[in-house]
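First comes the structure, then the notes that go with it.
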Amino acid sequence: MLVMKDISKVYRTDTVETHALRQFSLTVDEGEFVSVMGPSGSGKTTFLNIAGLLEECSGGSYELDGRDVSGLSDNERSRLRNEKIGFIFQSFNLIPELDVFDNVDVPLRYRGFDSKERAKRIDGVLEIVGLGSRRRHLPSQLSGGQQQRAAIARALAGEPRFLLADEPTGNLDSQMADSVMDLLQTINEQGTTIIMVTHEAALASRARRNIHVRDGQLSDGEPELHVAAQLA
Amino acid sequence: MELGPIWRALMRHKTSYVLIALQIAVTMAIMVNAIGIIQDRSKQMQRPSGVDEDNIFYLTSLIYDADADYQALMAADLEAIRGFPGVRNAIATNSVPLGDSGWSEGIRLQPDPDLDSTGVAIFFADEHGIDTFGLNLIAGRNFDPTEATWRDVESDEWPPQAIMTRAMVEELFPDRPVNEALGKTVYVQQTKPVTIIGITERMQAAWNRWSGVERSMLVPWKRASAFTHYVIRTEPGYRDEIMPQIEEMLATSGTNRIVRGMRSMEEIRHRSYLQDSAMVKLLVFIVSVLTAITGLGIVGLASFSVARRTKQIGTRRALGATRLAILRYFMLENFLISSIGVVAGAIIAVGINIWMVEAFGLERIAWYLIPAAMVTLWLVGQLAVYGPARRATLVPPALATRSV
Amino acid sequence: MFRYYLKLGLFSIRKNPVLSALMVAAIAVGIGAYMTIVNIDYVMGGNPIPQRSDVLFHVQVDNWSPNEAYEEPDKPPEQITYLDGTALLAAGKARRQVLSYKTGRVVEPQGEGERPFQVVSRATSADFFAMFDTPFVYGGGWDKAADDNEEYVVVINRETNERVFGGEDSTGRTIVMNGQPWRVAGVMDTWDPIPKFYDLNNGSFETPEEVFFPLSVAIANELGSWGNNSCWKPSEGGWEGYLQSECIWLQFWVELHGAGEKQEYLSFLDAYVESQKALGRFPRPMNNRLYNVMEWMQDREVVEDDVGVLLGLAALFLVVCLLNTIGLLLAKVARRSDDISLRRALGASRSAIFAQYIIEAGMIGVAGGVLGVGMTWLGLQGIELLYGEFDFIARLIEMDWTVIIAAVVLAVIAALAAALYPTWRACAIQPASELKAL
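Chains as they are written, first to last, in this note's numbering: chain A, 16 to 247; chain B, 45 to 448; chain C, 537 to 974.
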C-alpha cells in the first residue's frame, strides 16, 4: 500500500546543508502495525512529515496505493492527507475552542460530507474510542488520555488508509499510555494499518514490525536493542 | 463552510471577538450619524435661492453727510449703475437672499391682530426688482412705476401691492391652486391691506435656517436713506470685471459716503452656508480617519489572533485543509464577528441618533444608511483581515508535528 | 518599589517599541480629536467675565403680544423697549444699570488723503464701563451728567485710536464722526469677552464695538439700531412713535450683589409691570426674568448645537481609539506571558504584577497625553483652516493650561482604564504555566 524507495531529504540554509534522510526505503502493506524507531535527531520526524505528505522529499520515490505522490500540488496533497491519512500527534493537537464533536468533525468538513454523514461517522468513532458521553466536552475538560482518544477518533473518522502516529503516548502517564496503546492495537486488529514513530523501545515492542532509523538512514537497530536489554 | 463550529468557538472565547465587534459597532454608530448629518447639510446647501446667482452682486452705500438729499442721490446712483455698460439692471433694497440680515413681517388673512400671522421676508424693490433678481414670475404681473413710488422711511403707510413667492401663497391659502391668490387681499402690520398682484416661483429669505426661508414678498417701496444696499445684475460674464468698477464709480461720485461690503451672490451663498460646509468637511474627515483606524485595528487584532493559532492552522492543514480552506476560515470568522459588530452598531447608531435628535434638533437618519453602513463595515472588515488571513495560509502543515 | 516598576515599564516599552508606539499613537489621536472639540466648547461656553459674572443680571420683561409668546415655550423678549428701558434706568433701583444698543457711525479723519471709515458703535448709558470692567489705555468713560446733557463725548477703542491719532493719548481731543466733532473721553484697551455676552442678539462672537457714546446723544440724533429689532405691533409716528412703541431693540443690564438685592429688584420689576398693566400695556401674564451672565448665556444657547454634536462624535472616536489600545495591550501581555509567568514563579504576587503593568500603562498614558496635546493643537489648526472665514475662530482655538492639563490627565485615566482588562488577564497567568516549553 505504501512504498517508499530511497527517500532522501536535504534541508538547505545559507550556510548549512543537513541531510535529514538518506536512502530511506520502506514498504508497508495493508493491515500492518509498523513502528519506526530512533533517537532524537535521527530523522524520524522527517520521515513522519514525508510519509504524511506534510513535506516533499528531495529525492527518491513515494507511492501510495500505487500512485506516485511526489510532485503533487499543494491542493492535491491536502486532499490526499484528508482522505488517506489519519494523524495522531504527540501533544494531541486538539483545537481548544472546539468541543470533542467539533474537533472530530474538522477533517470531515474538508472532505465535504453532508451533516448527516458527518454526524453518523463522528458518533461511530466516538463509540469506538469510548468517548460517546463526552461529545460536547472541551479538551480542557478531558484528561490527557481522553484527549488522545479524541484525537484518535478524529483520525479514524475519515476511514483513512493508515494511521500515522507520532509518539502517541509521549505526553501521557503510564496508565493512560497503556490504555491508548491497547486501543491502537484493537483498531489494528480490526484491520486499520498503523505506522507509529517513537523513540521508546517499550512502545515499539507493541508493534508487529520495527524499523530503525539513525542519522537519517535505516540501520539494523542492533545497538539499540542491546542497550535496551542491558538497561532492563 | 464551517459556520457552526466557528460560531460555537467564538461564543466560548468571547475575548477573541468582543474587541473587534465593539470597534465595528462604535465605528458604525459614528459613521451612520455623521453621514446622516452630511446628507442633511448637503441637501440644505443645494437649495436654490431663486435668484440669478451667477450674475448678481451687492454692495452697501453709507452716506455720512447729514444734509444730503438721499432720494436724489439714490436716483442718481441707480441711473448711473443701470446705464453702466455690462449692467443689466439694478435696484436699491434692504436685503438679499441668504444675506443674513433682513426684515420680516407677519401677514394675516383678516385685519384682526388676534389672528395667527404667517411670517414673510420683506424685500423692498421697484419695478426693476424682478428683473434684477432674475425671478420667475409664474402668475400675475410686475409692479408698474406708479405703484413703486418714493415713500418716506418713517411713513406709517404700507404700499398696497405685493408680489409673493409660491411658498408664501401656499402657506396662506393651502390646498388651493396658486393662481387663485391673485387679487386677494391680506394684511400686514395687523391692519394694512396688501393685494397680491403677482406670484414668483421662488425667492429665499436672508436667513437660511429659518423655517420660512422660502416665504418672501416684494414690496414696491422706494426708500431713500443714508444706508442703502444696491443689488446689481450684470450681463453674463461681466460680473467680475464690473464689480470693482462700480465700486470705484460710487466711491468717487463726490458724495460723502463709504462704499463697502461688496460681495457677489456666490460669495453670499458661500458665507451663508459656511458653518454647514465646514461641518460636512469635518465629518467627512472624521469618518475617513475613523474607518482607517478601525481597519488598521482589525488588521492588528486579526494578525495577533492568527499568530496565536499557528499550531491550530498547521494541524488543520495536516488534516487536509487546503490553503483556500484556511483563508476561508479566517474570512468567515471575521465575517461573523463583523456581523455581531454591525448588528450591535445598528442598535447603537439608532440610539445615538435618537439622542441627538432630542438634544440638538438633528434630523432622523434615512433608514437605508444602516444597511449601507453594515455593508461598508463588512467590506472593511474583510479587507482588513485579508492580509493576516493570507499569511495564515502560508503556515506549513509540517508545523503540526513540531514538538514545541 | 515604584521606581523599580518605572524602570521595568521603560524597559518593557523599549523591548516592544512598535506596540508601545502604536499604543501611544492610538491614545494621542483619540485624545487629540476629543480635546480639540472640548477646547472649542470650553472657550465658547466659558465665562467671559468671571470676576463679575454673578453680580451682572440681564433684565427681561414681557411686553409681548397677548396671542403668542415671543419665543416658545413662553419666554419673554430677549431685548427691551425704549419706554421700559429708560423707565427702569431712571428708577435707579439697582447699584448700577446700563441701557444700550448697537448702531454705527462714520469716522472722518481730518488728515489729508485719509479716507472715512465705518465704525460699529454702541450707544450706551454711562455705567457700561464700570459694570463690565472694561480696560482703558487712556482716560475713562463719562458720567451721568454727560448722559443727561447729551454731550458729544466718545470712548474709542485701541484700533481706532491708532488709526486716527497714531496711538497717542487722545483724551480731550476731538474726533469727527458724521460731520460732528466729538470729545474723546478715553481709549479702551483691547477687550475681548468671548462671547460678547452683553449683546447676544446679533453676532455673539464678534469683537466689541469700536466706539461708545451716550445713549441720549444717539436718540437725539435718531440713530437706528444696527442690531435686531422686533415689534408685535407696528410702530406709528416716525422716530417719536418708535420710541414709544412696543418694539424691542435695546439691552438692559443691572448690577446686584447678593440674593437680597436680587429679590428686591425682582419685586421692583413686578411692581413696575403692574403699573404698566394698569396703563393698558403688558397684556401677557407676569414673566420677568433676571439672569446672571452664565444663566443668560445658557438660556440663549450660545454654544452652537454643532459643537455638541461634534463633542458626542469625538467622544465615540476616543472610545474607538481606546478599544484599539486595549487590543494592543492584550497583544503585549500575550507576548510577555513567559516573563510574567517567570516572575510569578519567582515569587511575585498578583498585585505586584498588577502594579507593574498598571504603572507601565500610566507611563504610556502620560506619553499619549503629551503627544495628544500636540494632536489637539494640530486639530485646532485644522479647525481654523475649515472655519477660518469666521473672524472669531482665531480666539476659539487658543489652548490654555486648563485644556493642556486636562488632556494629559484624561489620557492617563483612559490608558489606565484601557489597561484594566489586559492587566487583569496578565495577573491570571499561572506561575510557570508558560515555562513548560523551556
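Yeah, the Cβ is synthetic: ideal placement off N, Cα and C, and Gly gets one too.
Own chain residues within Cβ distance below 6 Å of residue i, not counting five before or after
{"i": "Gln-245 (chain A)", "result": "Caution is warranted here: a pLDDT of 47 is assigned to Gln-245 (chain A), below 50, making its placement in the model unreliable, and the coordinate value is therefore given only provisionally. For Gln-245 (chain A), where only same-chain residues beyond five positions count, there are no Cβ hits under 6 Å."}
{"i": "Ala-442 (chain B)", "result": "none"}
{"i": "Leu-555 (chain C)", "result": "Leu-864, Lys-868"}
{"i": "Lys-24 (chain A)", "result": "Ala-35, Leu-36, Thr-61, Cys-72, Ser-73"}
8 Å Cβ cutoff met for residue i and residue j
{"i": "Ile-900 (chain C)", "j": "Ala-951 (chain C)", "result": "yes"}
{"i": "Asp-842 (chain C)", "j": "Asn-824 (chain C)", "result": "no"}
{"i": "Arg-201 (chain B)", "j": "Asp-188 (chain B)", "result": "It should be pointed out that residue 201 (chain B) corresponds to Glu in this sequence rather than to Arg. No, they are not a contact pair."}
{"i": "Leu-66 (chain B)", "j": "Leu-859 (chain C)", "result": "yes"}
{"i": "Glu-46 (chain B)", "j": "Arg-124 (chain A)", "result": "yes"}
{"i": "Ser-260 (chain B)", "j": "Met-212 (chain B)", "result": "yes"}
{"i": "Phe-116 (chain A)", "j": "Arg-150 (chain A)", "result": "yes"}
{"i": "Met-118 (chain B)", "j": "Leu-179 (chain B)", "result": "no"}
{"i": "Ser-657 (chain C)", "j": "Glu-758 (chain C)", "result": "no"}
{"i": "Phe-788 (chain C)", "j": "Val-595 (chain C)", "result": "yes"}
{"i": "Gly-908 (chain C)", "j": "Ile-573 (chain C)", "result": "no"}
{"i": "Pro-717 (chain C)", "j": "Thr-710 (chain C)", "result": "yes"}
{"i": "Leu-792 (chain C)", "j": "Arg-631 (chain C)", "result": "yes"}
{"i": "Ile-135 (chain B)", "j": "Trp-147 (chain B)", "result": "no"}
{"i": "Leu-106 (chain B)", "j": "Arg-301 (chain B)", "result": "yes"}
{"i": "Gly-566 (chain C)", "j": "Gly-915 (chain C)", "result": "no"}
For residue i: DSSP bridge partner residues
{"i": "Asp-181 (chain A)", "result": "A:Val-212"}
{"i": "Ser-308 (chain B)", "result": "B:Phe-101"}
{"i": "Leu-17 (chain A)", "result": "A:Val-43, A:Leu-79"}
{"i": "Phe-788 (chain C)", "result": "C:Leu-635"}
{"i": "Glu-607 (chain C)", "result": "C:Lys-611"}
{"i": "Met-118 (chain B)", "result": "In the DSSP output, where bridge partners are listed per residue, Met-118 (chain B) has none listed."}
{"i": "Leu-181 (chain B)", "result": "B:Thr-244"}
{"i": "Gln-232 (chain A)", "result": "A:Arg-229"}
{"i": "Tyr-274 (chain B)", "result": "B:Leu-103, B:Ala-136"}
{"i": "Leu-262 (chain B)", "result": "B:Phe-167, B:Ile-207"}
{"i": "Ser-254 (chain A)", "result": "No information on residue 254 (chain A) is available, as it lies outside the stretch 16 to 247 that chain A covers here."}
Cβ neighbours of residue i in the same chain (closer than 8 Å, five flanking residues each side left out)
{"i": "Pro-280 (chain B)", "result": "Asp-98, Asn-99"}
{"i": "His-241 (chain A)", "result": "Summary for His-241 (chain A): the model assigns pLDDT 47, below 50, so the residue's position carries little reliability; its value from the coordinates is reported in the next sentence. Excluding positions up to five away in sequence, the list is empty."}
{"i": "Ile-585 (chain C)", "result": "Leu-592, Phe-668, Asp-669, Pro-729, Phe-733, Val-829"}
{"i": "Val-222 (chain B)", "result": "Ile-182, Ala-183, Arg-210, Val-213, Glu-214, Ile-243"}
{"i": "Ser-601 (chain C)", "result": "Trp-768, Lys-769, Pro-819, Arg-820"}
Cross-chain neighbours of residue i in chain B, by beta carbon under 7 Å
{"i": "Lys-769 (chain C)", "result": "Gln-234"}
Residue i: contacting residues in chain A (beta-carbon distance under 7 Å)
{"i": "Ser-447 (chain B)", "result": "Gln-105"}
{"i": "Ala-53 (chain B)", "result": "Glu-112, Leu-113"}
9 Å Cβ cut-off: residues of chain C touching residue i
{"i": "Met-309 (chain B)", "result": "Ordered by position in chain C, no residue passes the 9 Å Cβ test against Met-309 (chain B), which lies about 17 Å from the chain."}
Close beta carbons around residue i, own chain, < 7 Å, minus the five adjacent residues each side
{"i": "Ala-243 (chain A)", "result": "Low confidence applies here, because Ala-243 (chain A) scores a pLDDT of 47, under 50, leaving its location unreliable; read the following figure in that light. Excluding sequence neighbours, Ala-243 (chain A) sits near Ala-216."}
{"i": "Leu-63 (chain B)", "result": "Leu-345"}
{"i": "Pro-967 (chain C)", "result": "Ser-877, Arg-880, Ala-881"}
{"i": "Glu-45 (chain A)", "result": "Met-16, Thr-208"}
Listed by chain order, chain C residues near residue i by CB distance under 7 Å
{"i": "Glu-198 (chain B)", "result": "Gly-774, Trp-775"}
Chain A residues whose Cβ lies nearer than 9 Å to that of residue i
{"i": "Pro-432 (chain B)", "result": "Result: empty, since nearest Cβ-Cβ is about 18 Å, beyond 9 Å."}
Under 9 Å by beta carbon: chain B residues contacting residue i
{"i": "Glu-70 (chain A)", "result": "Pro-440, Pro-441, Ala-442"}
{"i": "Phe-102 (chain A)", "result": "Thr-359, Ala-362, Leu-363, Ala-444, Thr-445"}
Identify each residue in the segment 860-871 of chain C for which the Cβ-Cβ distance to at least one residue of chain B is less than 8 Å, and report them in chain order. Asn-860, Ile-862, Gly-863, Leu-864, Leu-866, Ala-867, Ala-870
So if I threshold CB-CB distances at 8 Å, which residues from the segment 333-357 of chain B count as touching chain A? Lys-355, Gln-356
Chain B contacts made by the segment 707-721 of chain C, where a contact means CB separation under 9 Å: Listed in sequence order: Met-713, Asn-714, Gly-715, Gln-716.
Positions along the segment 105-123 of chain A whose CB lies within less than 7 Å of some CB in chain B: Gln-105, Asn-108, Ile-110, Glu-112, Leu-113, Asp-117, Asp-120, Val-121, Pro-122
Using a Cβ cut-off of 9 Å, which residues of the segment 836-847 of chain C contact any Cβ in chain B, in chain order? For the segment 836-847 of chain C, which is checked against every Cβ of chain B, the residues closer than 9 Å are Glu-840, Asp-841, Asp-842, Gly-844, Val-845, Leu-846.
According to a CB-to-CB cut-off of less than 9 Å, which residues of the segment 366-394 of chain B neighbour chain A? Thr-366, Arg-367, Leu-368, Ala-369
Between the segment 72-83 of chain B and chain C, which residues of the former have CB atoms less than 8 Å from a CB of the latter, in chain order? Ala-73, Ile-74, Asn-77, Ala-78, Ile-81
Check each residue of the segment 77-99 of chain A: if its Cβ is closer than 9 Å to any Cβ of chain B, include it; give the result in chain order. Asp-89, Asn-90, Arg-92, Ser-93, Arg-94, Leu-95, Arg-96, Asn-97, Glu-98
If you measure beta-carbon to beta-carbon, which residues of the segment 910-923 of chain C are closer than 7 Å to chain B? Leu-922, Tyr-923
May I ask you to list, following chain order, the residues of the segment 51-67 of chain A that have a beta carbon less than 8 Å from some beta carbon of chain B? Thr-60, Leu-63, Asn-64, Gly-67
Could you please tell me which residues of the segment 168-184 of chain A, in chain order, have their CB closer than 9 Å to any CB of chain B? Those residues of the segment 168-184 of chain A that come within reach of chain B (Cβ to Cβ, closer than 9 Å) are Arg-169, Ala-170, Gly-173, Asp-181, Glu-182.
Between the segment 403-437 of chain B and chain C, which residues of the former have CB atoms less than 9 Å from a CB of the latter, in chain order? Ala-403, Phe-404, Gly-405, Leu-406
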